[in-house]
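So the sequence shown is numbered by the numbering used here: it starts at 145 and just counts up by one.
Contents: one structure, followed by commentary.
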Amino acid sequence: MQKPKVLLIYTGGTIGMIEDTETGSLRPFDFNHLFNQVPELRRFNIDIDCISFEKPIDSSNMSPKEWVKMAEIIEENYSNFDGFVILHGSDTMAFSASALSFMLENLAKPVIFTGSQLPIGKIRTDGKENLITAIEIAAAKENDKPIVPEVAIYFEYRLYRGNRTHKFNAEHFQAFRSANYPELAEAGIHIKYNYTAMQKVSEKPLLVHKNLDKNIAILKIFPGIDTKVIRAIVKIPELKGLIIETFGAGNAPVIPEMFSLLADAIKKGMIILNVTQCNSGSVEQGRYETSAIFNQIGVIGGKDITTEAAVAKLMFLLGSNLPLLEIKKMLSVSLRGEITE
Ligand code: ASP
Numbered sequence: 145m146q147k148p149k150v151l152l153i154y155t156g157g158t159i160g161m162i163e164d165t166e167t168g169s170l171r172p173f174d175f176n177h178l179f180n181q182v183p184e185l186r187r188f189n190i191d192i193d194c195i196s197f198e199k200p201i202d203s204s205n206m207s208p209k210e211w212v213k214m215a216e217i218i219e220e221n222y223s224n225f226d227g228f229v230i231l232h233g234s235d236t237m238a239f240s241a242s243a244l245s246f247m248l249e250n251l252a253k254p255v256i257f258t259g260s261q262l263p264i265g266k267i268r269t270d271g272k273e274n275l276i277t278a279i280e281i282a283a284a285k286e287n288d289k290p291i292v293p294e295v296a297i298y299f300e301y302r303l304y305r306g307n308r309t310h311k312f313n314a315e316h317f318q319a320f321r322s323a324n325y326p327e328l329a330e331a332g333i334h335i336k337y338n339y340t341a342m343q344k345v346s347e348k349p350l351l352v353h354k355n356l357d358k359n360i361a362i363l364k365i366f367p368g369i370d371t372k373v374i375r376a377i378v379k380i381p382e383l384k385g386l387i388i389e390t391f392g393a394g395n396a397p398v399i400p401e402m403f404s405l406l407a408d409a410i411k412k413g414m415i416i417l418n419v420t421q422c423n424s425g426s427v428e429q430g431r432y433e434t435s436a437i438f439n440q441i442g443v444i445g446g447k448d449i450t451t452e453a454a455v456a457k458l459m460f461l462l463g464s465n466l467p468l469l470e471i472k473k474m475l476s477v478s479l480r481g482e483i484t485e
């Protein structure tokens, strides 16, 4: 039987740094030496190819331009590999994984993001396990079909749906959480897949969407927020989409001027999406008086979407050239398993 083939895409981040033996400082990893750093990879019954961003970056510098680059690498290599592993800094991994989930329509192969909190050259690194298991997951098949035909994040023994994930810890090895959707797998002695939580393998050809519209903003509501903040934001020229991060189940202080500014912006064609500041749970506009007005003025309730997925979904939909009404409809339904319906 032919060995499965996995393409490793190195974009940067801590995982790819090694300590310079002379200076002690961290420098980007030379990917040609990957197998020396992680000799365990040689024992895999998997063919591994590597491709690296010309200039690996800290994931804080990721933008839609790099998301397109990743999507293009996958598109160009799609038919030659069984799965893909993207090595990426953890800081914005949830944003990139969310973006790729929308950009890769009809995905039928695993795209597994991973990284680490400590560089792969460090003795206590979490990077080796993350990398090795991510590769195994990207190659995993059952009845000749990939087990994880979706964009996922593997970190510290757990596999999560990418667009459900949020980085919640800057210190612990367990840096990610998927509060509103079950884990896709847990790695112990065996990798236990949560088959019922997995996306279905698409029979349609892969469609890669590369047009993303960055004309969006996030407004976090806080007690004492002044209307001048809201006025300044809705006046941004060319702003097409605004995510408002609200309290609890989608609530905001009852400030009539704030609501009329938002209502005006919506009338002029802006899309406003209501996302909760809580890590877990869902927006339910109208449950409280403090959110009922959002329904009246046409704010869209984001349900249990993460802010990361909301950013990616808005950029993707605004870049799709669909009519405004259609975009609004799509924000309320699940396109890639990003919200619970
Ligand atoms: N700042 C780094 C990055 O996101 C942190 C990490 O790799 O985990 O690229």
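Each residue gets a CB set at the ideal place from its N, CA and C atoms; glycine is no exception.
All figures in this text were calculated on a predicted structure; none of them were measured in a lab.
### Query
By DSSP, does PHE320 sit in helix, in strand, or in coil?
Locating residue 320 in the sequence shown gives position 176, counting from the first residue. Three-state result, PHE320: strand.
### Message
Taking the alpha-carbon of PHE179 as reference, which of ILE415, ALA436, LEU275 and ILE483 has the nearest alpha-carbon?
### Response
As a working note, residue 179 is residue 35 in the sequence shown. PHE179 has its Cα closest to that of LEU275, out of ILE415, ALA436, LEU275 and ILE483.
### Task
Please determine, among ALA436, TYR298, ALA314 and VAL352, the residue with the shortest C-alpha to C-alpha distance to TYR337.
Position 193 of the sequence shown, counted from the start, is the residue given in the question as residue 337. Considering only alpha carbons, the answer is TYR298.
### Query
For LEU231 versus ILE335, is the C-beta spacing smaller than 9 Å?
For this step, residue 231 is matched to residue 87 along the sequence shown. For this step, residue 335 is matched to residue 191 along the sequence shown. It is not a contact, given that the beta carbons lie outside the stated cut-off.
### Task
Could you tell me whether the Cβ atoms of LEU386 and LEU363 are closer together than 9 Å?
To locate residue 386, count along the sequence shown from 1; it is residue 242. To locate residue 363, count along the sequence shown from 1; it is residue 219. Yes, these two residues count as a Cβ contact at 9 Å.
### Query
Can you name the start and end residues of the beta strand (DSSP E) that SER196 belongs to?
By 1-based counting over the sequence shown, the position of residue 196 is 52. Its beta strand (DSSP E) spans residues 191 to 196.
### Query
From PRO326 to MET214, what distance separates their C-alpha atoms?
Counting from one through the sequence shown, the residue named residue 326 turns up at place 182. Counting from one through the sequence shown, the residue named residue 214 turns up at place 70. Looking at the two C-alpha atoms, the distance is approximately 26 Å.
### Message
Cutting at 6 Å between CB atoms, please list the residues of its own chain near ALA409, excluding the five before and the five after it.
### Response
Working through the sequence shown from its first residue, we reach residue 409 at position 265. Within the same chain, ALA409 has close Cβ partners VAL378.
### Query
Hey, out of ALA296, ILE256, THR167 and GLY392, whose CA is closest to SER424's CA?
Translated into positions along the sequence shown, residue 424 becomes position 280. Minimum Cα distance to SER424 is reached at GLY392.
#### Entry: Cβ-based neighbour list, PRO367, same chain, cut-off 8 Å, excluding 5 preceding and 5 following
As a working mapping, residue 367 is identified with position 223 in the sequence shown. Same-chain partners within the cutoff: PRO397.
### DSSP-derived helix/strand/coil call for PRO293
To locate residue 293, count along the sequence shown from 1; it is residue 149. The three-state reading of DSSP puts PRO293 in coil, since its state is none of H, G, I, E or B.
### Task
Give a yes or no on whether the C-beta atoms belonging to VAL212 and ILE256 are separated by under 9 Å.
Counted from its first residue, the sequence shown places residue 212 at position 68. Counted from its first residue, the sequence shown places residue 256 at position 112. No, the Cβ-Cβ distance between VAL212 and ILE256 is not below 9 Å.
### Query
Apart from the five residues on each side of it in sequence, which residues of its chain come closer than 7 Å, Cβ to Cβ, to TYR304?
Numbered from its first residue, the sequence shown carries residue 304 at position 160. So the list reads ALA296, ILE297, PHE320, SER322, GLU327 and LEU328, once near-sequence residues are dropped.
### SER203: CB within 8 Å of a non-hydrogen atom of the ligand ASP
Locating residue 203 in the sequence shown gives position 59, where the first residue counts as 1. Flag set: Cβ of SER203 near the ligand ASP.
### Task
Determine the DSSP secondary structure at ARG431, reduced to helix, strand or coil.
As a working mapping, residue 431 is identified with position 287 in the sequence shown. ARG431 falls in the coil class under three-state DSSP.
### Message
For a test of the three-state rule: what should DSSP assign to ILE264, helix, strand or coil?
### Response
As a working mapping, residue 264 is identified with position 120 in the sequence shown. If DSSP states are grouped into helix, strand and coil, ILE264 belongs with coil.
### Message
In whole angstroms, give me the CA-to-CA distance for LYS253 and PRO293.
### Response
What you label residue 253 is simply residue 109 of the sequence shown in a count that begins at 1. What you label residue 293 is simply residue 149 of the sequence shown in a count that begins at 1. Cα-Cα distance, rounded: 4 Å.
### Query
Looking at the structure shown, is PRO188 part of a helix, part of a strand, or coil, going by DSSP?
What you label residue 188 is simply residue 44 of the sequence shown in a count that begins at 1. The residue you asked about is not Pro; residue 188 is Phe in the sequence shown. DSSP places PHE188 in coil when its eight states are reduced to three.
### Task
Check whether the Cβ of SER260 sits closer than 8 Å to any heavy atom of the ligand ASP, and report yes or no.
Translated into the one-based positions of the sequence shown, residue 260 becomes position 116. Because some heavy atom of the ligand ASP lies under 8 Å away, the Cβ of SER260 counts as near it: yes.
### Task
State yes or no: is the beta carbon of TYR304 nearer than 9 Å to at least one beta carbon in chain B?
Any reference to chain B falls outside this structure, which holds one protein chain only.
### Query
Does the Cβ-Cβ distance between ALA238 and GLU452 come in under 9 Å?
Here residue 238 refers to the residue found at position 94 of the sequence shown. Here residue 452 refers to the residue found at position 308 of the sequence shown. When the beta-carbon positions are compared, ALA238 and GLU452 come within less than 9 Å of each other.
#### Entry: Cα-Cα separation between ALA282 and VAL150, rounded to whole angstroms
In the sequence shown, residue 282 corresponds to position 138, counting from 1. In the sequence shown, residue 150 corresponds to position 6, counting from 1. Approximately 7 Å between the Cα atoms of the pair.
### Query
Does the beta carbon of ILE159 fall short of 8 Å from some heavy atom of the ligand ASP?
Along the sequence shown, one-based indexing puts residue 159 at 15. Checking the Cβ of ILE159 against the ligand ASP gives yes.
### Task
Indicate whether SER245 and ASN307 have their beta-carbon atoms separated by less than 9 Å.
To locate residue 245, count along the sequence shown from 1; it is residue 101. To locate residue 307, count along the sequence shown from 1; it is residue 163. Pairing SER245 with ASN307 gives a Cβ-Cβ distance under 9 Å.
### Message
Quick check on the burial criterion: 16 or more other C-beta atoms within 10 angstroms. Buried or exposed for HIS316?
### Response
The sequence position of residue 316 within the sequence shown is 172, counting from 1. Classification of HIS316: exposed, given that the 10 Å Cβ count is below 16.
### Query
Under 8 Å from any heavy atom of the ligand ASP, does the C-beta of ASP235 make it?
Your numbering for residue 235 matches position 91 in the sequence shown. The answer is yes for ASP235.
### Query
Where do the ends of the alpha helix (DSSP H) carrying LEU152 lie?
Here residue 152 refers to the residue found at position 8 when the sequence shown is read from its first residue. Counting along the chain, LEU152 falls outside any alpha helix (DSSP H), though it belongs to the beta strand (DSSP E) covering 149 to 154.
### Task
Could you have a look at LYS336 and say whether DSSP puts it in helix, strand or coil?
Numbered from 1 along the sequence shown, position 192 holds the residue referred to as residue 336. The answer is strand: DSSP assigns LYS336 an E or B state.
### Task
Over the uninterrupted beta strand (DSSP E) stretch that includes ILE380, give me the two end residues.
Mapped onto the sequence shown, residue 380 falls at position 236. No beta strand (DSSP E) holds ILE380; DSSP gives it neither H nor E.
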